[in-house]
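**Student:** Pasting a structure here, questions to come.
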Amino acid sequence: MTFEPADRVDQVPPSGIRRFFELAEEMDDIISLGVGEPDFSAPWAAREAAIASLEQGKTSYTANRGKRELRELIAADVDRRYDLDYDPDEEILVTAGASEGLDLAFRALLNPGDAVAVAQPCYVSYVPGVTFAGGEVIDVPTRAADEFKLTYEVLEASGAAEAEALVYCYPNNPTGATMTEDELREVAEFAREHDLIVFADEIYSELSYEHDHTSIATLPGMRERTVVFNGFSKAYAMTGMRLGYAMAPPEAITAMNRVHQYTMLSAPTTAQHAAIEALQTCGDEVVDMREQYDRRRQFVLSRFEEMGLECFPASGAFYAFPECPWDDANEFAEALLEEERVAVVPGTAFGEGGDGHLRISYATGLGDLKEAMARLESFLE
Amino acid sequence: MDDRGEILALLRENARYTTEDMARQTGLDEDEVEAAIEELEAEGVVRGYQAVVDWDALDEDEERVRATVELNVTLDRETNYVDIADRIAKFPQVRSLRLVSGDYDFDLEVEGDSMQEVSHFVSDKIAVIPEITQTVTHYVMDSYKEQGIEFGDGDDDDRLSVSP
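Chains as they are written, first to last, in the numbering used here: chain H, 2 to 382; chain Y, 2 to 165.
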């Protein structure tokens, strides 16, 4: 007898990021612009709350849905920030990162064979997540010409009307694109007309630099058909704490919680204590981090312009997605890594529509960014 | 924080930031940054620029010995704290000198090539000052943070070099 991966696992190729990770790990002295997480540490008050919770022996499971105090604070926070009203008892589920929330939604709300439209290029987990849940992916390629925004036309042309659900992420990883309220109205109209569920990954909602973030769930007729995912990883630099949440009508959260209670049981307790503190006292740190990302964004975009690297004005998350000057972005990224010791990720790692681009993360200090841009410039010459 | 406050924060973070770096980070023009720094220097707000040194990272023969010394003084009608401070601050061995509240009066930081040199300095030059009634010397054994900078192994970024 030998172990064979299940068919649905076999269908999923290894992550394109993994390859670059392995290449980069073999080298010393690289400056990495390939990192999809903040370079800040979680605010000290949040870390201290986590430490205190451990000192006090708060190491048991919490309620499946997460500590009630945390759910209440989340409800109050999203109401204040995004004008979203969710019941902490029935409509909020605390998860081990937004990634777990998405996986739960795919498994709890999709039936085998259900088609799911995935706006691409996208975070590396969406397509595998849908596949693991037995769903079929419909690629919805967003275009550089549209600044990687979803439009009614793009949705229609891709055949998304046949799907049961639509998955997207704005502000977007890997492109750094955002959607304004008016632009989201088109997506909402499409979803309503074709009766789509929307899985809206808003993990980067705090990192929108040109305009305030709008959640699609606030638009008419959308709250009842949307699952919103968010968390503490990006805004509060708490990636390693693995804490996210999902918000949706009670029937969706109940189904997701049924999967959650048999797999994760409850999100990490220590992280929940940190998150409670983060929501209560760490707003200033979030603002400060956002300001620093914005300065780096403007620096990176201005340097691209100086070196003639085409890039749309990315306005969210901490990524820029310039066009690759070579035909093959994989070759370019490999050569840049080998010759200049700068790690970037080829857009192909993020699926359809990512081809011909590079994901550049500016979640790194200005000093390193400056040096990396100088090396990139000399490489291009 | 106002513009001057932001510039001060940046200078304290890294005094070697160029005016171009600081202009980008504050959103000011380079000229405005330069003018603000000149103003801060002229007003005596910024008194100097120094490197933050981890002496333990140097070879043994280059290491410096440091100590903090608690000083107690007794004042008389003719002498006040400033008089005593002026006298002590002039010694090049003195790195910092502060009047503090609590169990002792002055907090003195001294630097030398050896423990012997530091202790001779304290006994020969400081303890002999008539108003000084007591000195307690604490040698620095190890330093974990200086002027806001943590002394680790220098490899802070242990994030995966490529991640989703």
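Even glycine gets a Cβ: it sits at the ideal position worked out from N, Cα and C.
Starting from the Cα of H/A247, find the closest Cα among H/D196, H/A99, H/Y205 and give me that residue.
**Tutor:** Along the first sequence, read from residue 1 onward, the residue named residue 247 of chain H stands at position 246. Here the closest residue by C-alpha is H/A99.
**Student:** Any chance the stretch 92-111 of chain Y sits against the stretch 59-72 of chain Y, with 3 or more Cβ pairs inside 8 angstroms?
**Tutor:** Verdict: yes, contact present.
**Student:** Less than 8 angstroms between the beta carbons of H/L220 and H/L185, yes or no?
**Tutor:** Position 219 of the first sequence, counted from the start, is the residue given in the question as residue 220 of chain H. Position 184 of the first sequence, counted from the start, is the residue given in the question as residue 185 of chain H. For H/L220 and H/L185, yes; Cβs fall inside 8 angstroms.
**Student:** Given a threshold of 16 other Cβ atoms within 10 Å of its Cβ, counted over all protein chains shown, does H/F333 qualify as buried or as exposed?
**Tutor:** If you number the first sequence from 1, residue 333 of chain H lands on position 332. Buried, because 16 or more other Cβ atoms sit within 10 Å of the Cβ of H/F333.
**Student:** Please determine, among H/A25, H/A43, H/E5, the residue with the shortest C-alpha to C-alpha distance to H/G241.
**Tutor:** Taking the first residue of the first sequence as 1, we reach residue 241 of chain H at position 240. Measuring from the Cα of H/G241, the nearest candidate turns out to be H/A43.
**Student:** Of all the residues that make up the stretch 141-160 of chain Y, which are near chain H by a beta-carbon distance shorter than 8 angstroms?
**Tutor:** Residues passing the 8 angstroms Cβ filter: D158, R160.
**Student:** When you compare only the Cα positions, how much space is there between H/A364 and H/S209?
**Tutor:** Taking the first sequence and counting its residues from 1, the one referred to as residue 364 of chain H is at position 363. Taking the first sequence and counting its residues from 1, the one referred to as residue 209 of chain H is at position 208. If I take the Cα positions, the gap works out to 14 angstroms.
**Student:** Relative to the alpha-carbon of H/P269, which residue among H/R360, H/Y83, H/F200, H/K59 has its alpha-carbon at the smallest distance?
**Tutor:** Here residue 269 of chain H corresponds to residue number 268 of the first sequence, with the count starting at 1. That would be H/K59, whose Cα lies nearest to the Cα of H/P269.
**Student:** So, with DSSP's three-state summary, where would you put H/G284?
**Tutor:** Start at 1 with the first residue of the first sequence, and residue 284 of chain H comes out as number 283. Residue state, collapsed to three classes: helix.
**Student:** From H/A162 to H/A189, what distance separates their C-alpha atoms?
**Tutor:** In the first sequence, the residue the question calls residue 162 of chain H occupies position 161. In the first sequence, the residue the question calls residue 189 of chain H occupies position 188. Spanning the two alpha carbons is a distance of roughly 12 angstroms.
**Student:** Beta-carbon within less than 6 angstroms of H/K68's beta-carbon, same chain only, minus the 5 sequence neighbours each way: which residues are those?
**Tutor:** Your numbering for residue 68 of chain H matches position 67 in the first sequence. The answer, listed in chain order, is Q273.
**Student:** Please determine whether the Cβ atom of H/L110 lies at a distance below 7 angstroms from any heavy atom of the ligand NAP.
**Tutor:** Looking for the ligand NAP in the displayed structure turns up nothing, as the structure carries no ligands at all.
**Student:** For H/F149, which three-state DSSP category applies?
**Tutor:** Reading the first sequence from its first residue, position 148 is the one you call residue 149 of chain H. Of the three classes helix, strand and coil, the one that applies to H/F149 here is coil, per DSSP.
**Student:** For chain Y, is any of its Cβ atoms less than 8 angstroms away from the one on H/I31?
**Tutor:** Taking the first residue of the first sequence as 1, we reach residue 31 of chain H at position 30. At least one chain Y Cβ lies under 8 angstroms of H/I31.
**Student:** If you measure between the beta carbons of H/A344 and H/S33, is that distance less than 8 angstroms?
**Tutor:** What you label residue 344 of chain H is simply residue 343 of the first sequence in a count that begins at 1. What you label residue 33 of chain H is simply residue 32 of the first sequence in a count that begins at 1. In contact: H/A344 and H/S33 (Cβ atoms closer than 8 angstroms).
**Student:** Keeping to the same chain, check which residues put their C-beta closer than 7 angstroms to that of H/G130; ignore five residues upstream and five downstream.
**Tutor:** As a working note, residue 130 of chain H is residue 129 in the first sequence. L103, D104, F107.
**Student:** Can you find a C-beta in chain Y that's less than 8 angstroms from the C-beta of H/A25?
**Tutor:** Locating residue 25 of chain H in the first sequence gives position 24, counting from the first residue. Cβ-Cβ to chain Y under 8 angstroms: yes for H/A25.
**Student:** When you compare the CB of Y/P93 with every CB in chain H, is at least one pair closer than 8 angstroms?
**Tutor:** Locating residue 93 of chain Y in the second sequence gives position 92, counting from the first residue. False, the Cβ-Cβ gap to chain H never drops below 8 angstroms.
**Student:** Report the neighbours of Y/D22 on chain H: residues whose CB is nearer than 7 angstroms to its CB, in chain order.
**Tutor:** Here residue 22 of chain Y refers to the residue found at position 21 when the second sequence is read from its first residue. Going along chain H in sequence order, the residues near Y/D22 (Cβ under 7 angstroms) are L367.
**Student:** Can you list the residues of chain H that Y/R25 reaches, using a CB-CB cut of under 7 angstroms?
**Tutor:** On the second sequence, residue 25 of chain Y is found 24 positions in, with the first residue counted as 1. In chain order: R296, F300.
**Student:** Would H/Y153 pass as an interface residue toward chain Y - the criterion being a Cβ-Cβ separation below 8 angstroms?
**Tutor:** As a working note, residue 153 of chain H is residue 152 in the first sequence. False, the Cβ-Cβ gap to chain Y never drops below 8 angstroms.
**Student:** When DSSP builds the beta bridges, which residues end up paired with Y/S97?
**Tutor:** Sequence index remark: in the second sequence, residue 97 of chain Y carries index 96 (1-based). The partner list for Y/S97 (beta bridge, DSSP) reads Y/E110.
**Student:** Quick check on H/A120: does DSSP put it in helix, strand or coil?
**Tutor:** On the first sequence, position 119 is the one that residue 120 of chain H refers to. Here H/A120 sits in strand by DSSP.
**Student:** Which residue's Cα is closest to the Cα of H/Y263: H/A109, H/L24, H/R72, H/E27?
**Tutor:** Locating residue 263 of chain H in the first sequence gives position 262, counting from the first residue. Residue H/A109 is the option with its Cα nearest to H/Y263.
**Student:** Can you tell me the Cα-Cα spacing of H/S316 and Y/R67, whole angstroms?
**Tutor:** Reading the first sequence from its first residue, position 315 is the one you call residue 316 of chain H. Reading the second sequence from its first residue, position 66 is the one you call residue 67 of chain Y. If I take the Cα positions, the gap works out to 50 angstroms.
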